[in-house]
Amino acid sequence: MRLGDAPSAVGRNDLLDLQYTSGTTGFPKGCMLTHDYWMIIGNNAAFFRSHGGEVRNILIWAPFFYMDPMWQFLMTMALGGTAFVARRMSLTRFYEWLENYQIHYCIFPEPALNSNRQAPPIADRR
């Protein structure tokens, strides 16, 4: 085996990760998700976001033990974009990230939506 060679072939139904969820029961459990599952989710997300204009810079602020960051990252790769991954969520820096990194897409955290910060006039936006 040479450097860069895969130790074995990966199939679409092979396990990729375990996402922990309480689901409908309220009790924590691991949900086994395959390579195929994540590729379908990531590619579908990219497909639906590619029709409204160019989506290149994506902000991922949630930890990767949640589902959203994983599909957002795969969507970003499918779109040929750049993922800006926050070390941790910061409501005080959230709007700064949107402006500084010229974010085209992110999931808006509800506390940021409820903040009193005024959006700049459309003519002043990048």
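Position one of the sequence shown corresponds to residue -7 (the numbering used here), numbered consecutively onward. The C-beta atom is built at its ideal place from N, Cα and C for all residues, glycine as well.
Next on the checklist: By the DSSP assignment, the beta strand (DSSP E) with ASN106 in it spans what residues?
Outcome noted: Segment: none, ASN106 is in no beta strand (DSSP E) and carries neither H nor E.
Checklist entry - So, using beta-carbon positions, are LEU10 and MET31 closer together than 8 Å? => result At the C-beta level, LEU10 and MET31 stay beyond 8 Å of one another.
Item to check | Rounded straight-line distance, which links the Cα of MET67 to that of THR16 | outcome: Using only the alpha carbons, I get a separation of about 27 Å.
Checklist entry - To which residues of the same chain is PRO61 closer than 6 Å at the C-beta, ignoring the five residues directly before and after it? => result Once the five neighbours on either side are set aside, the close Cβ partners of PRO61 are ILE52 and ALA54.
Item to check | Burial state of PHE86 (16 or more Cβ within 10 Å) | outcome: Label assigned to PHE86: buried.
Next on the checklist: Taking the beta carbon of GLY119 as the centre, do at least 16 other beta carbons fall within 10 Å, making it buried, or is it exposed?
Outcome noted: The question about residue 119 has no answer, for the chain in this structure spans -7 to 118.
Checklist entry - According to the neighbour-count rule (16 or more other Cβ atoms, all chains shown, within 10 Å of its Cβ), is ILE50 buried or exposed? => result ILE50 sits buried, since 16 or more C-beta atoms from the chains shown fall within 10 Å of its C-beta.
Next on the checklist: I'd like the list of long-range same chain contacts for GLU22, defined as Cβ closer than 6 Å, with 5 residues on each side in sequence excluded.
Outcome noted: The residue you asked about is not Glu; residue 22 is Gly in the sequence shown. LEU10 and TYR12, listed in sequence order.
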